[in-house]
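A.B. asks: Protein sequence lines correspond, in order, to chains A and B. In terms of this note's numbering, the first sequence is residues 491 to 792. In terms of this note's numbering, the second sequence is residues 93 to 462. In this text, a Cβ means the ideal position worked out from N, Cα and C, and glycines have one as well.
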Amino acid sequence: MSAQDTAPGARRIGLLGRLRESRVFQGLALISPANGYLFFFVVLPLVMVVILSFLSRGAYGNVEYRFNPSNYTRLLDPVYARILVYSLGVGFGTTVITILIGYPLAYYIARSPARQRSTLLFLILVPFWTNFVIRIYAWIMILRGGGLLDSFLQWVGITHQPLGLLYTPTAVMIGMVYEFLPFMVLPLYTSLEKIEEALLEAAADLGAPPWRAFLRVTLPLSVPGMIAGTILVFIPAMGMFVLPDLMGGAKVLLIGNVIRNQFLTARDWPFGAAASMILMIMTLLLTLYYTRRAGFSEDLLV
Amino acid sequence: MPGEYAVELRDVVKRFITPEGRDLDAVNHVTMQIRNGEFFSMLGPSGCGKTTSLRLIAGFEWPTSGDVCIDGVPQGHRPPFLRPVNTVFQSYALFQHMTVYQNVAFGLEMEGASKDEIRKRVGRSLEMVQLTGMDRRHPKQLSGGQQQRVAVARALVKTPSVLLLDEPLGALDLKLRKEMQLELKALQQQLGITFVYVTHDQEEALTMSDRIAVMNQGKVLQMGPAVEIYERPTSRFVAAFIGEANFLDGRVKSLKGENAVVTIPAWGTDLAGLTTADVREGDDVAVSIRPEKVRLTDAPEAAENCLEGIVSTSTYIGSDTHVYLDVRGQRVKVWEQNRTSRLDPRSVYRAGAKAWITLPPENTLILAKE
Chain A
491 MSAQDTAPGA RRIGLLGRLR ESRVFQGLAL ISPANGYLFF FVVLPLVMVV
541 ILSFLSRGAY GNVEYRFNPS NYTRLLDPVY ARILVYSLGV GFGTTVITIL
591 IGYPLAYYIA RSPARQRSTL LFLILVPFWT NFVIRIYAWI MILRGGGLLD
641 SFLQWVGITH QPLGLLYTPT AVMIGMVYEF LPFMVLPLYT SLEKIEEALL
691 EAAADLGAPP WRAFLRVTLP LSVPGMIAGT ILVFIPAMGM FVLPDLMGGA
741 KVLLIGNVIR NQFLTARDWP FGAAASMILM IMTLLLTLYY TRRAGFSEDL
791 LV
Chain B
93 MPGEYAVELR DVVKRFITPE GRDLDAVNHV TMQIRNGEFF SMLGPSGCGK
143 TTSLRLIAGF EWPTSGDVCI DGVPQGHRPP FLRPVNTVFQ SYALFQHMTV
193 YQNVAFGLEM EGASKDEIRK RVGRSLEMVQ LTGMDRRHPK QLSGGQQQRV
243 AVARALVKTP SVLLLDEPLG ALDLKLRKEM QLELKALQQQ LGITFVYVTH
293 DQEEALTMSD RIAVMNQGKV LQMGPAVEIY ERPTSRFVAA FIGEANFLDG
343 RVKSLKGENA VVTIPAWGTD LAGLTTADVR EGDDVAVSIR PEKVRLTDAP
393 EAAENCLEGI VSTSTYIGSD THVYLDVRGQ RVKVWEQNRT SRLDPRSVYR
443 AGAKAWITLP PENTLILAKE
């Protein structure tokens, strides 16, 4: 505090004046736009969903204000439990495959000459110019029986019958990986690009052949990018519902589809809200666990 | 069998292609022999090829032609991880995700040393650079000087036959740099390892080195002990780059062994001097004399090369006084040491005063004109 505040005989100030002098109040005032934003767009909707998840569905699909915890117990039903586990599997699979494909890609971009880098990054972003649903339809054209992929494989002579890929879990997986790949590549690129050439030279200088330098230096230093990428891929992948609808036919049901159906088709908002809560809590716990494991223990990858 | 030379560059050329597509010989037919146990410095302005030469020894670059030998063994295209040299990088290049201990242990782990041996040698190495007790810290938690020490310990723990240092003190402040210079020099003498040191700081090179190679534009201009480089530069570039010098244009009038008489057209007189390079009678040459070698008096001396001038400015800087004179239209700088109290200054220090300068022939150097 400045000397003025503590000086004896300082002029008397009112309540407002004293508030203005207060460090705590100054701090609160400064962060109030951010706090307001968080309150109206995060806390408030969340509280509404939590309340909703404990209410009951009325006879006509309306919400009745009657306490009803059975929304959560219903989720233990094997039908929903299986969907939940399957969704976890899809989210996990998407994340792993995007890492496997995205890592070499990000590495290649990060190690290309600076002038090519921006072009390559630009190419990664080009698909976003087209609406997501339209791109999914493009994949349907490619994967459907007698579609582009089938025709090509048969023309080359690798296969002789249609593969029947569309409307299978494989098709959903292809679509998911396609959709989320850029979200893995970009953060990975950012952390790979930050690794100084001198660090790899130092590793080589100390006797590390390239593969050991990669495992001991490059890989651990790209972990932050991998964590960011995983969060960006895993969380939305868990809640995805458009893609399984379009590419999985009616056969592939993820937790995202269940929630969507409860709100729009079955008109059971409380149950949909409960499913949303469970999905959110699950992803939150998994992400927390994952970041703790990967972020605070460097021995993990050495 | 280890030869006499720790490192040898044999007619090495390193050609790069600039972004504009032109060829650039960063290292242009360089030959140098670095002796075992020697503190050898490569000194030059940025872009002179000193760092590229160091990288050629380390194996980060391969020569376009010529060869690099380490301990008498031609290295060819051998990658850095197979060479018996270690490097201290300009940026230190410490592994930020590892502790100090892990950083230093890295090289030993690559050798496949046992846990016990690693612990022993890392401990000894950290002790050598006075970092005992810091092993659990991360590089970010250390000061610049401490990071520098970790980089040295990490390279020395492998007991290389040659340690390469690429401007290792560039990022430190002046006081710390001076301390580290002495420490590195002491370390080198204690270990007896060959140090190859790259710097653009002439004072640093003079302080630490047994021998110095002065480089410019990819070539070695002069190689020798500090005294020789400073007292007997063979080219104008070396004389100008290391320390300060007065330069005059002249033409060789007569030559007798190393002693020469040079006509200075600007002064209309002849000067007696010493040749350090190959010159012949009638050649256009540069005459160079260090400011501290010029004698300054308030009366003419009965000696060769004595001229009259007028003091234009005089600056007191504590240990010395820097006097600038106008001598027949040429500016001459003279560093006078303040051996006695300057509270009662001599008249030659006053601006506008008449003064006489004497250029001792043994310090008046006649250099090839570039």
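1. Would a C-beta distance cut-off of 8 Å place B:Thr456 and B:Leu388 closer than the cut-off?
2. From what residue to what residue does the beta strand (DSSP E) around B:Phe329 run?
3. Would you kindly work out how many angstroms separate the C-alpha atoms of B:Gly374 and B:Val122, rounded to a whole number?
4. Please report whether the beta-carbon of A:Gly697 lies at a distance below 8 Å from any beta-carbon of chain B.
5. Using three-state DSSP, classify B:Thr179 as helix, strand or coil.
6. Quick check on B:Lys250: buried or exposed, where buried means 16 or more other Cβ atoms within 10 Å of its Cβ?
7. Do you know how far the Cα of B:Phe198 is from the Cα of A:Leu791?
8. With 8 Å as the threshold, decide whether the Cβ of B:Met202 is near any Cβ in chain A.
9. Between B:Gly284 and the rest of its own chain, which residues show a CB-CB distance below 8 Å, the 5 nearest in sequence each way excluded?
10. When the Cα of B:Val242 is compared with those of B:Gln182, B:Ser301, B:Ala358, which residue comes out closest?
11. In three-state DSSP terms, what is B:Asp258?
12. From B:Pro231 to B:Asp293, what does the alpha carbon distance come to, in whole angstroms?
13. Along chain A, which residues have their Cβ under 8 Å away from the Cβ of B:Lys207?
14. Rounding to the nearest angstrom, what Cα-Cα distance links B:Glu393 and B:Arg382 in this structure?
15. Mind listing which residues of the stretch 249 to 273 of chain B have their C-beta closer than 8 Å to chain A's C-betas, in chain order?
16. Going by alpha carbons, who is nearest to A:Leu733 out of A:Ile771, A:Met770, A:Thr584, A:Leu505?
17. List the residues of chain B that A:Pro710 touches, going by C-beta distances under 9 Å, in chain order.
18. Can you name the start and end residues of the alpha helix (DSSP H) that B:Lys267 belongs to?
19. When the distance is taken between beta carbons, is B:Leu264 closer than 8 Å to B:Gly237?
20. Is the stretch 661 to 673 of chain A touching the stretch 130 to 146 of chain B, taking contact as three or more C-beta pairs under 8 Å?
21. Which residues, taken in chain order from the stretch 674 to 691 of chain A, show a beta carbon closer than 8 Å to some beta carbon of chain B?
22. According to DSSP, what are the bridge partners of B:Ala378?
23. Look at the Cβ atom of B:Val177, then the Cβ atom of B:Leu148, and state whether they are nearer than 8 Å.
24. What first and last residue would you give for the alpha helix (DSSP H) that runs through A:Asp735?
25. Give every residue of the same chain whose Cβ lies closer than 8 Å to the Cβ of B:Arg213, excluding the five residues on either side of it in the sequence, and list them in chain order.
26. Restricting to runs no shorter than 3 residues, where is the beta strand (DSSP E) found entirely within the stretch 101 to 150 of chain B?
27. Within 8 Å (strictly less), CB to CB, does B:Pro172 reach chain A?
28. Does A:Arg702 get closer than 8 Å to chain B when you measure Cβ to Cβ?
29. Using the C-alpha atoms, what's the distance from A:Tyr780 back to A:Glu554?
30. Look at the Cβ atom of A:Pro672, then the Cβ atom of A:Ile614, and state whether they are nearer than 8 Å.
31. When the Cα atoms are used, what is the spatial distance from B:Pro111 to A:Tyr597?
32. Measuring alpha carbon to alpha carbon, tell me which of A:Thr680, A:Leu506, A:Ala688, A:Leu682 ends up nearest B:Glu153.
33. If distances are taken between C-alpha atoms only, which option among B:Met272, B:Leu255, B:Ser380, B:Asn195 comes closest to B:Ile126?
34. Given a threshold of 16 other Cβ atoms within 10 Å of its Cβ, counted over all protein chains shown, does B:Ala150 qualify as buried or as exposed?
35. Check whether the stretch 649 to 660 of chain A and the stretch 706 to 717 of chain A are in contact - that is, three or more C-beta pairs closer than 8 Å.
36. Is it the case that the stretch 292 to 306 of chain B contacts the stretch 324 to 337 of chain B, given that we only count it when at least three CB pairs across the two stretches are under 8 Å?
C.D. replies: Reading off the structure:
1. Stepping through the second sequence from its first residue, residue 456 of chain B is reached at position 364. Stepping through the second sequence from its first residue, residue 388 of chain B is reached at position 296. For B:Thr456 and B:Leu388, no; Cβs fall outside 8 Å.
2. Here residue 329 of chain B is taken as the residue at index 237 of the second sequence, counted from 1. For B:Phe329, no beta strand (DSSP E) encloses it; the enclosing alpha helix (DSSP H) starts and ends at 328 to 333.
3. For the purposes of this step, residue 374 of chain B is taken as residue 282 along the second sequence, with counting starting at 1. For the purposes of this step, residue 122 of chain B is taken as residue 30 along the second sequence, with counting starting at 1. Between B:Gly374 and B:Val122, the C-alpha separation is close to 31 Å.
4. In the first sequence, residue 697 of chain A corresponds to position 207, counting from 1. By this cut-off, A:Gly697 is an interface position.
5. Working through the second sequence from its first residue, we reach residue 179 of chain B at position 87. The answer is strand: DSSP assigns B:Thr179 an E or B state.
6. Sequence index remark: in the second sequence, residue 250 of chain B carries index 158 (1-based). Buried, since its Cβ has 16 or more Cβ neighbours within 10 Å.
7. Translated into the one-based positions of the first sequence, residue 791 of chain A becomes position 301. Translated into the one-based positions of the second sequence, residue 198 of chain B becomes position 106. Any reading at A:Leu791 is ruled out, since the residue's pLDDT is 38, under 50, leaving its predicted position unreliable.
8. As a first step, residue 202 of chain B is located in the second sequence; it is residue number 110 there, counting from the start. Closer than 8 Å: yes.
9. Counting from 1 along the second sequence, the entry for residue 284 of chain B is found at position 192. Gly129.
10. On the second sequence, residue 242 of chain B is found 150 positions in, with the first residue counted as 1. It is B:Gln182 whose Cα lies nearest to the Cα of B:Val242.
11. Within the second sequence, numbered from 1, the residue matching residue 258 of chain B stands at position 166. Note: B:Asp258 maps to strand in three-state DSSP.
12. Counting from 1 along the second sequence, the entry for residue 231 of chain B is found at position 139. Counting from 1 along the second sequence, the entry for residue 293 of chain B is found at position 201. Each residue's alpha carbon lies about 26 Å from the other.
13. The residue labelled residue 207 of chain B in the question sits at position 115 within the second sequence. None at all; the shortest Cβ gap to chain A is about 15 Å.
14. Counting from one through the second sequence, the residue named residue 393 of chain B turns up at place 301. Counting from one through the second sequence, the residue named residue 382 of chain B turns up at place 290. Straight-line spacing of the CA atoms in B:Glu393 and B:Arg382 works out to 19 Å.
15. From the stretch 249 to 273 of chain B, only Lys250 have a Cβ closer than 8 Å to chain A.
16. On the first sequence, position 243 is the one that residue 733 of chain A refers to. Of the listed residues, the one whose Cα sits closest to A:Leu733 is A:Thr584.
17. Working through the first sequence from its first residue, we reach residue 710 of chain A at position 220. Neighbourhood of A:Pro710 in chain B, by CB distance below 9 Å: Phe187, His189, Met190, in chain order.
18. For this step, residue 267 of chain B is matched to residue 175 along the second sequence. From DSSP, the alpha helix (DSSP H) with B:Lys267 extends over 266 to 283.
19. Locating residue 237 of chain B in the second sequence gives position 145, counting from the first residue. Locating residue 264 of chain B in the second sequence gives position 172, counting from the first residue. Taking 8 Å as the Cβ cut-off, B:Gly237 and B:Leu264 qualify as a contacting pair.
20. In the pairwise beta carbon analysis, the stretch 661 to 673 of chain A is classified as not touching the stretch 130 to 146 of chain B: fewer than three pairs are separated by under 8 Å.
21. Sequence-ordered contacts of the stretch 674 to 691 of chain A with chain B read Glu686, Ala688, Leu689, Glu691 [C-beta pairs closer than 8 Å].
22. Taking the second sequence and counting its residues from 1, one reaches residue 378 of chain B at position 286. According to the DSSP secondary-structure assignment, B:Ala378 is paired through a beta bridge with B:Asp341, B:Leu459.
23. To locate residue 177 of chain B, count along the second sequence from 1; it is residue 85. To locate residue 148 of chain B, count along the second sequence from 1; it is residue 56. Contact flag unset, no.
24. Within the first sequence, the letter at position 245 stands for residue 735 of chain A. In the DSSP annotation of this structure, the continuous segment of the alpha helix (DSSP H) that includes A:Asp735 starts and ends at 732 to 737.
25. Residue numbering aside, residue 213 of chain B sits at position 121 when the second sequence is read from its first letter. Closer than 8 Å at the Cβ level, and outside the excluded window around B:Arg213, lie Leu200, Ala205, Val249.
26. With a minimum length of 3 residues, the continuous beta strand (DSSP E) runs that stay inside the stretch 101 to 150 of chain B are 115 to 127, 131 to 135.
27. Position 80 of the second sequence, counting from 1, holds the residue named residue 172 of chain B. Contact of B:Pro172 with chain A is assigned, a C-beta pair being separated by under 8 Å.
28. The residue you call residue 702 of chain A lines up with position 212 of the first sequence. Answer yes: the Cβ-Cβ gap between A:Arg702 and chain B drops below 8 Å somewhere.
29. In the first sequence, the residue the question calls residue 554 of chain A occupies position 64. In the first sequence, the residue the question calls residue 780 of chain A occupies position 290. Rounded to the nearest angstrom, the two C-alpha atoms are 39 Å apart.
30. Here residue 672 of chain A corresponds to residue number 182 of the first sequence, with the count starting at 1. Here residue 614 of chain A corresponds to residue number 124 of the first sequence, with the count starting at 1. In this structure, A:Ile614 lies closer than 8 Å to A:Pro672 by Cβ.
31. Here residue 111 of chain B refers to the residue found at position 19 when the second sequence is read from its first residue. Here residue 597 of chain A refers to the residue found at position 107 when the first sequence is read from its first residue. Distance between the alpha carbons of B:Pro111 and A:Tyr597 is about 23 Å.
32. On the second sequence, residue 153 of chain B is found 61 positions in, with the first residue counted as 1. Measuring from the Cα of B:Glu153, the nearest candidate turns out to be A:Ala688.
33. For the purposes of this step, residue 126 of chain B is taken as the residue at position 34 of the second sequence. The residue with the shortest Cα to Cα distance from B:Ile126 is B:Leu255.
34. Position 58 of the second sequence, counted from the start, is the residue given in the question as residue 150 of chain B. Looking at its Cβ environment, which holds 16 or more other Cβ atoms inside 10 Å, B:Ala150 is buried.
35. Judged by Cβ distances under 8 Å, the stretch 649 to 660 of chain A makes no contact with the stretch 706 to 717 of chain A, as fewer than three pairs qualify.
36. The stretch 324 to 337 of chain B, when compared against the stretch 292 to 306 of chain B, does touch it at the 8 Å Cβ threshold.
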